[in-house]
Amino acid sequence: MKKILAIVISVVIFASLCSVASFAADETAVATSSNVTATDPTETGDAGTGIVFATNREGIDVINSWEKFGYPDDIGAAYYLSSTSGFDPSDPDKKPTETIEYIVYVVKGASDERKAELVALFGGENVELRECSMSKNTQSEYVAKMEKSFGEYTYLIYPTASLGGLRIDIYYPEENDETIRNIVAKDFADAEDIVKFNSGVNPADLDGDPETKTIGAITIVSKNNTALLWLVIVPAVLALAVGAVLIARVRARRLALSNGETVDMTRPAVSKKQVEQGVKDSELSPSDKVYENIEKEL
Amino acid sequence: MAEKEFDLKFAAMLTGDKAAFTDVYNEIKKPVFTVICRVVSDRDKAEDVMQDLFLRLLRHGVSSPVQNPRAYIFKMAHNMALDEVKKKESDELSDEMSDGTDIAEVSCARLDIESALSQLPLNEREAVSLHLTAGLKFREIAKMKRVPLGTVLSRYNSAIKKLRRML
Chain A
23 MKKILAIVIS VVIFASLCSV ASFAADETAV ATSSNVTATD PTETGDAGTG IVFATNREGI
83 DVINSWEKFG YPDDIGAAYY LSSTSGFDPS DPDKKPTETI EYIVYVVKGA SDERKAELVA
143 LFGGENVELR ECSMSKNTQS EYVAKMEKSF GEYTYLIYPT ASLGGLRIDI YYPEENDETI
203 RNIVAKDFAD AEDIVKFNSG VNPADLDGDP ETKTIGAITI VSKNNTALLW LVIVPAVLAL
263 AVGAVLIARV RARRLALSNG ETVDMTRPAV SKKQVEQGVK DSELSPSDKV YENIEKEL
Chain B
5 MAEKEFDLKF AAMLTGDKAA FTDVYNEIKK PVFTVICRVV SDRDKAEDVM QDLFLRLLRH
65 GVSSPVQNPR AYIFKMAHNM ALDEVKKKES DELSDEMSDG TDIAEVSCAR LDIESALSQL
125 PLNEREAVSL HLTAGLKFRE IAKMKRVPLG TVLSRYNSAI KKLRRML
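Note that the protein sequences, when read in sequence, are chains A and B. Per the working numbering, the first sequence starts with residue 23, numbered consecutively. Per the working numbering, the second sequence starts with residue 5, numbered consecutively.
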């Protein structure tokens, strides 16, 4: 319990301090495929303020267009990160420069021609293509189907997009366990790779703001105002260090496999993956007598 | 051994090819024995079941074409192990099963996956063992146990949760 509390406190402090840091920076924005927040110079009138805008801004229009009219079938998600650096209040002639970077998730198996086409579509520079297993359209189709099937339990479905790709999370409080699993087993038996079951409450329900929770924004700190940022970063790092110390105060455990090997477990709890791997690796061997007896009997 | 090669060796084994039997046996003996052990919770009994399993296959073959020989062997092993448990249900074996003292010494200070597994209910142990050790898909396990897929998933997740706590 103490560990959980320590983690929560550390993360909350770190997150809040980082959000303060983002205000301290002169201009930074991260946009995701469903939460476009970057500044458009033509809309804000910044064109006359002396900022040197990035030359690859047309990619933002592409993302906006995909958001409005639908994503291509081979795209999972698209993000852009916009930052401005070089602002110096003591030198009004020095113009801040904007940089835009794109991260585009392409469904596995895309041809080199298609990848080249996408890079060109986003202006040809600062474009990173990453592979994902599912397109946004596939995710949307499954979510729509699930919403029909889930009925009163629609609120448990949580389509997720992150820098790790897309998937559909399903949160099941204990009381809904069997009901939800039965629906998925009956109607979505082919969705094993896409659906991830999570025990607990859908995080979107915690603050009643699913739209902003769906894709978390990432704060990139500008290089300007570094003196002010240190005031914020140092306590944040200290908060994390306190959390780390509390987390590390866990009794070491030993996991022994049936083949005699042992694995030292220094983490507080064995993860699901570790348990699964442990069971896989734990094999028992029959004595040679079995094989000999079979041979004799034949 | 690649799956295709295993299938060919299995087919050859059923026609009496001893070399093929040796290859199939060596390839699959550990996971099959593990699956049986986890059901019967008795090493000697598990070896008897293992022996009967291969003798039955070698003597009687299969009644209908087998699409996935590896899965077939595991299903057969599991069913024969359950039969063994049913035979002994009324005597002390059931007591042994509940605390798993024969396969893994629970009193031993070290934490052991087998002893943790032996403390799970049989249906949860089956789900974990058949999926992770035998490599069967949840759908195959559901079909084999004649229960809904959701039930198998639920048993599996419940077992993993318990194992995480125990380990």
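Glycine included, every Cβ here is placed at the ideal spot set by N, Cα and C. Here the structure is a predicted model, which means the values were calculated and not measured.
- Closer than 8 angstroms to the CB of residue 311 of chain A there is at least one CB belonging to chain B.
- In this model, residue 66 of chain B and residue 18 of chain B are separated by some 8 angstroms (Cα to Cα).
- Here residue 103 of chain A really is in contact with residue 123 of chain A; their C-beta atoms are around 5 angstroms apart, less than 8 angstroms.
- Residues of chain A with a Cβ closer than 7 angstroms to the Cβ of residue 143 of chain B are, in chain order, 211.
- Among the CB atoms of chain B, one or more fall inside 8 angstroms of the CB of residue 320 of chain A.
- In the displayed model, residue 127 of chain A falls within a strand according to three-state DSSP.
- The C-alpha of residue 139 of chain B is placed about 19 angstroms away from the C-alpha of residue 12 of chain B.
- Residue environment analysis places residue 87 of chain B among the exposed positions, since fewer than 16 neighbouring C-beta atoms fall within 10 angstroms of its C-beta.
- Taking 8 angstroms as the cut-off, the beta carbon of residue 29 of chain B is found no closer than this to the beta carbon of residue 10 of chain B.
- In the three-state scheme derived from DSSP, where H, G and I count as helix and E and B as strand, residue 175 of chain A is classed as helix.
- The C-beta of residue 19 of chain B comes no closer than 8 angstroms to any C-beta of chain A.
- Taking 7 angstroms as the Cβ-Cβ cut-off, the region 27-56 of chain B approaches chain A at 29, 33, 34, 35, 37, 38, 41, 51, 54 and 55, given in chain order.
- Residue 191 of chain A is bridged by DSSP to A/180 and A/218.
- Judged by beta-carbon spacing, residue 156 of chain A lies beyond the 8 angstroms limit of residue 128 of chain A, meaning their Cβ atoms are not closer than that value.
- Interface criterion met: the Cβ of residue 316 of chain A is under 8 angstroms from a Cβ in chain B.
- The three-state secondary structure of residue 66 of chain B, taken from DSSP, is coil.
- In this structure, the CA atom of residue 158 of chain A is about 18 angstroms from the CA atom of residue 210 of chain A.
- Counting along the chain, residue 98 of chain A sits inside the beta strand (DSSP E) bounded by residues 97-107.
- Residue 192 of chain A and residue 120 of chain A have their alpha carbons spaced roughly 39 angstroms apart.
- Taking the Cα positions, residue 204 of chain A is about 17 angstroms away from residue 128 of chain B.
- Residue-level contact check: residue 89 of chain B does not touch chain A, since none of the beta carbons of chain A fall below 8 angstroms from its beta carbon.
- Scanning chain A for C-beta atoms nearer than 9 angstroms to the C-beta of residue 68 of chain B yields nothing, as the closest lies near 23 angstroms away.
- In this structure residue 53 of chain B is in contact with residue 40 of chain B, their Cβ atoms being roughly 5 angstroms apart against a cut-off of 8 angstroms.
- Taken through DSSP and simplified to helix, strand or coil, residue 40 of chain B comes out as helix.
- Annotation: residue 173 of chain A has no Cβ neighbours in chain B at a cutoff of 9 angstroms; minimum Cβ distance is about 16 angstroms.
- Contact between the region 164-175 of chain A and the region 117-135 of chain B is absent: fewer than three C-beta pairs spanning the two stretches fall below 8 angstroms.
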